[in-house]
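Step one of this worksheet: look at the structure below.
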Amino acid sequence: MVEAGRSPNIEILTNADLLSLKGQPGNFKADIVQRPRYINADDCTACGLCTTYCPRHQVDDYNEGLNITRPIHIDYPQAVPATYYIDPRSCLHLTHETCQICVPVCQSKAIDFSQKPEERTLEIGAVIMSPGFGRIPEDTLAKYSFGKHPDVVTSIEFERLLNPSGPFTGEVRCLSDNRHPHKIAFIQCVGSRDIGCDNGYCSSVCCMYAIKEAVVAKEHDPDAEITIYYMDIRTQGKEFDAAQKRAEDKGIKFVRAKVADVMPWGDHLRLTYSTLDGTHSFKAYDMVVLSVGLESPPDAQKLADMAGFKLNKYDFCNTDTFAPLATSKEGIYVAGAFNGPMDIPESVTQSSGAAGIASGLIKKQRGRGIIHKSYPDEKEMGDEVRIGVFVCHCGINIGSVVDVPDVSNYAGDMEGVVYYTESLYSCSQDAQEVLKEKIKEHDLNRVVIAACSPRTHEPLFQETLKDAGLNRSLFEMVNIRDQCSWVHANEPGAATDKSKDLVRMAVAKARHIQPLPEQTVPVNKIGLVIGGGIGGMTAALNLADQGFSCSLIEKQDTLGGNFKKLSHTQKLIDQVKKNKLVSVYTNAELQQTSGFVGNFSSIITTGKGAKAKEVTLDHGIIIIATGAREHRPETALGNSIKYSKKIVTQSELAEQLEGKGKKRAPDSIVMVQCAGSRGDDLNYCSKTCCITAVQNALRVKEINPDSQVIMLYRDIRTYGYAEDLYQDARQKGVLFIPYEMDNKPAIAEKGGKLSVSFFDPILQDDVSMNPQMVALSVGMVPEETDTLSKLLKVPVTADKFFLEAHVKLRPVELPVDGVYVCGLAHSPKPINEIIAQAQAASAKAAMPLVKGYVTVDPIVSNIDKEICIGCKLCTSLCPYQAIQMVKDENNRPKAETIVASCKACGICASHCPTFAISMGGFTNEQLNSQIEAFGKEILVKETEAA
Amino acid sequence: MSKEEYNPKVLGFLCNWCCYAAADAAGVSRYQYPPNLRTIRVMCTGRVDPSFVLRGFVEGADGIFTGG
Amino acid sequence: MGMNALIFNVLKELGINPDRFSLQWASAAEAPRFVKLITEFTDKIKKLGPLGESEGIGPDELQAKLKKGLAAVSSRKVRMVYGNTTKTIRKEGIFTPEYISSVIEEKLKKAIVGALSAEVEEGKPAAPEKKRAPAKQDAETKEAQKAPAKAKPAAKKPAEKASKKAKPAAKKKTPAPLKASAAKKKVVANKTPAKKKTAAKKKN
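Protein sequence lines correspond, in order, to chains E, S and X.
For the first sequence, the working numbering begins at 882 and goes up steadily by one.
For the second sequence, the working numbering begins at 702 and goes up steadily by one.
For the third sequence, the working numbering begins at 16 and goes up steadily by one.
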């Protein structure tokens, strides 16, 4: 978010509404209106003084109404833009034309009640719709006493309760009497899988977030008794099952039951539920959490009408399996929960993908209108250290606690300091001009600013340094606001002492700062895509659409992969073959890769027999789309399996049901889910089997309506809209019977006769039957990720799928820069998700290609080859594979940083046996002198002392 | 330094992305805590060298806090 | 990770309460947790009193011990073992405190004790400074004890470092070779009124 806020090429219009959207792909006109925030964003320093003075109370919407705030406020400290705003619904001035207390209070005069709504027309090439999701209507929650009893909360409210910035600063308390709840119940599927409120779909995310919230609550209070009431636990995502198991191990109880109602019961709540065997029970709870589903956004219809795209029957955006990010209107794309309920990783994936497609659409305009700043040349640095110290009052934020003049004078007495001063707001525009002037006037070559946090303001000051012809590294910031005056408001003396100490330490460090060159590494604008299945082909075509050539290598002799038989796949193969930017290598395998982002070089073998040859490819990025294949376990659920015409996998059954001419379906069939998955043979859930099985069941019923179809399952995971299929199958008479892992179904074949026996929890009895066929849902396993993992030095999970750089925020990037992953090699998933992920991976991969270079923050590590003894410790400890071994002129091994890959974590430096490694901006010398300055007040100038 | 109450010298190494950010957020929320901490910002706790810690003690720290 | 255990062991060996060092985690969103951690830690240190007091070590001995400790963790031998330990822990992928301390116990302790006792035999701990030049060569064990933290920077400014090191207690500034006296003095003179002006302006 902060990154988006900082980019000079992203304009953020908050408080804005879309009024109309017209035009064609590549040439849209959008009318928007921006509501006033009554505070000038450029002037607001986010000091928060206005909120403390504002006399009016207001419900804090950000905290789900569980808290009180003021009409003039900021939702939360990290909000972007970091500007306060005035809520016109409750501000006394805006509602009654009185008050205006905030106006004189604001030291930077940022408050402007004269602001009016502003209409604007934007000329744009493509549109991405991401309005998110809406709320489940409250009347759906009423049967659980929501609104009647304060201790029945939604999961979103509970999330706020758990949050450190929430109403009780992270303590879970009952809203009724502030006691800590001891017994907590979660009710799943509230407003999802519920025909009663017209939400037939499954919201996909609630099981997982309920588990997360339960675990966090349990961490808060290990003695809490937490029960989750569910129909099916749908933890189908990557590594989600493992998380569920951990929750169970922590003592969270999972009860498969329907909750009938929740009623107030003295100080408590009474929850009535019925289990599968038909018994009703009730239990008392201190708090009940409703796991509410995701509703379509409230203005979905309006948006669709305005832009001219279609919604589906649940009022989410309508999309096609094979074009999951495109709305029905060309040039308008969709990402996130508006495209159907989904979790964070998938939303992030979709937004990357949508941005990539949009950028492909408007690629002709690429580079136009982009803001590139230029700076004066850096001036020569003399040997003399000339430090300027600027101590900021931040209005009264610092000045009212810390004795700023005292600190400033103190700084003036320090070694190397040639100029020192105070300023009222050092971040203001005019203060930047002053800073530039002073740098020139006093020939400063190091700048120390004691003000707020470098995390928020360092970039601003560094800009100014660059404008003044100083290298941006020649800067050190002292945090005497966020980490001093604000947190020691009642101890001015101690806060002043602390400020002095911190300034002294910073000046000590500054003395050793050296200019660091801005490093850029050129990028070879060619891609390499490994794997020619649906994901790999989509990624390759997408790169081509964005104007980049790539090589697509496929292990088998034809393209297509698992879904070769789909007509969509055939279409893709055609497109790939015709596309001049995509070079296809079949029978090809990667043998070796060297280099780093922007400059990879790989050797592949391609062709068969006599035609086999080695090819060297130079490329800037790598997309892994190596896929997965069907798992064929020899034993499943304790039964040894002999695959035959009668015992088949679901994919074989699907093929049979599609068989030309002889569409025959068995008269009776038993489907067994999780045969070999979820802890049986494989540890994970393969996500797609339930949906495939239900589709097959429906197909059987369609061909042969009298067929007896029984599905034995653990949890039916028809998440999202696939829940409709599940409902349909139940209505058409498919029998769904759950089994437990301590009482698994037995499958046997004797003399050509099948028998399946299992425990029926409704009948409470063992049942045995002789179906014509048994279909097993066997899950999938990744294709030889081990080899690739070693070749590219990228990690895999315990289940051998590739492990992304950040599960939530960087779902298609691998920890090695320039390497991306999509499709089944990442985790099992259905086709629409594979395609969206492939589009996301290629969008991400195109970023360095578009830029043509990779910039390196100069804080990367730097190895002194003189001191390096070539022990290789750093190469093996580096989490980012950013250190390689090279030979020096005497042929001795030496470590060398691959600057393009380094993330500046410093593990190499802190573990180097000979202190040969230093970090830019955080060298041993700098940190050591900072530590020394911490201990000593010896830095008084000789001249002064004398 | 030490008058009636003893004020220990505490040196802190805080990770830019985690604890340092948490400390900033504490400021924004105006939480109050003892003013003894002197922070050195690092980009990651991985940067904290054992020798920094020992040097901190040599230089007179009574306690050293490393926050990732 | 491994560092916690390394520092713990070194402090223990030196007879210093390991509670004086704390390695904690708080995410960017966990301001209250940070506040709690830092408050508790400060209180704990307050209770322990000044370094050395609760340990019953006098100031001179304390300095000697600490410098020995610093030399030990700066020695190539200990750092080598430390690095390898971290590597092992990573490779095994087991991050429970128990496991980490067991690995450290097994691998590191010997090196630490070795490094510390070697120093004792040599007598004065202030020694570490001078010896850095040979650190570049391969005289394994010798350097192990002393190649101090300064190895690299010291090469540039030996005089400054050495003098600082030698008398840490001295309050006066010794590092002579630094520049910038005259010019600095001048600006300070010009400067003070300017600053006053700012202050005055503010009052108005």
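Where a beta carbon is used, it is the ideal one built from N, C-alpha and C, also for glycine.
- By the criterion of a C-beta distance shorter than 8 Å, S:G728 is surrounded by no residue of its chain, once the five residues flanking it on both sides are discounted.
- With a threshold of 16 other beta carbon atoms within 10 Å, E:R1598 meets it and is buried.
- Among the bridge pairs identified by DSSP, E:N1624 is matched with E:E1621.
- For E:A1717, the secondary structure class from DSSP, reduced to helix, strand or coil, is helix.
- For E:S1810, the uninterrupted alpha helix (DSSP H) run begins and ends at 1805-1816, by DSSP.
- In the DSSP assignment, E:M1661 falls within the beta strand (DSSP E) that extends over 1661-1663.
- Taking 8 Å as the CB threshold, S:R731 stays off the interface with chain X.
- In the three-state reduction of the DSSP assignment, S:T767 falls in the strand class.
- Interface with chain E (8 Å Cβ-Cβ cutoff): X:R35 is excluded.
- The beta carbon of E:H1369 falls within 8 Å of a beta carbon belonging to chain S, placing the residue at that interface.
- Contact of S:V754 with chain X by beta-carbon distance below 7 Å involves I22, F36.
- Between E:S1549 and E:E1511, the alpha-carbon positions lie close to 24 Å from each other.
- Secondary structure within the stretch 1284-1327 of chain E: the beta strand (DSSP E) runs of 3 or more consecutive residues, fully enclosed, are 1298-1304 (chain order).
- Assignment of E:N896 by DSSP, reduced to helix, strand and coil, places it in the coil class.
- Residue pairing by DSSP places E:L1471 opposite E:I1485 in a beta bridge.
- Its chain contains D912, I913, V914 as the residues whose beta carbon lies nearer than 7 Å to that of E:L900, once the 5 sequence neighbours on both sides are disregarded; these appear in chain order.
- Sorting E:A1165, E:V1071, E:L902 by C-alpha distance to the C-alpha of E:D1079 places E:V1071 at the top.
- The stretch 1657-1675 of chain E and the stretch 1494-1501 of chain E do not touch, with fewer than three beta-carbon pairs separated by less than 8 Å.
- Per DSSP, E:H1338 lies in no beta strand (DSSP E) segment; the continuous alpha helix (DSSP H) that holds it begins and ends at 1335-1348.
- By the neighbour-count criterion, in which a residue is buried when 16 or more other Cβ atoms sit within 10 angstroms of its Cβ, E:M1766 is exposed.
- Relative to the Cα of E:G1441, the nearest Cα in the group E:K1093, E:K1319, E:G1508 belongs to E:G1508.
- Those residues of the stretch 1306-1339 of chain E placed with their C-beta closer than 9 Å to a C-beta in chain S are C1333, S1334, P1335, R1336, T1337, ordered along the chain.
- For E:L1538, the enclosing alpha helix (DSSP H) starts and ends at 1531-1539.
- Under the 8 Å criterion on CB atoms, X:I53 is classed as interfacial with respect to chain S.
- Within chain X, A46, P47 have C-beta atoms less than 9 Å from the C-beta of E:T1050, given in sequence order.
- Interface criterion not met: the Cβ of X:A130 is under 8 Å from no Cβ in chain S.
- Against E:L1754, the close residues of chain X are M95, G98, N99, K102, in the order they occur along the chain (beta-carbon pairs closer than 8 Å).
- For a cut-off of 8 Å, the C-beta gap from E:C928 to E:I982 is around 15 Å, too long to register as a contact.
- When the Cα atoms are used, E:Y1734 and E:P1403 turn out to be separated by approximately 4 Å.
- Under the three-state reduction of DSSP, X:A43 is assigned to coil, being neither helix nor strand.
- Every candidate beta strand (DSSP E) stretch fails here, since none sits fully inside the stretch 55-105 of chain X while reaching 3 residues.
- According to the DSSP assignment, E:V1553 belongs to the beta strand (DSSP E) that extends over 1549-1553.
- In the three-state reduction of the DSSP assignment, E:I1591 falls in the strand class, which pools E and B.
- Taken in chain order, the members of the stretch 732-749 of chain S whose beta-carbon sits within less than 9 Å of a beta-carbon on chain E are Y732, Q733, Y734, P735, P736, N737, L738, R739, T740, I741, R742, V743, M744, C745, T746, G747, R748, V749.
- For E:D1641, the secondary structure class from DSSP, reduced to helix, strand or coil, is strand.
- E:H1061 is bridged by DSSP to nothing; it lacks a bridge partner.
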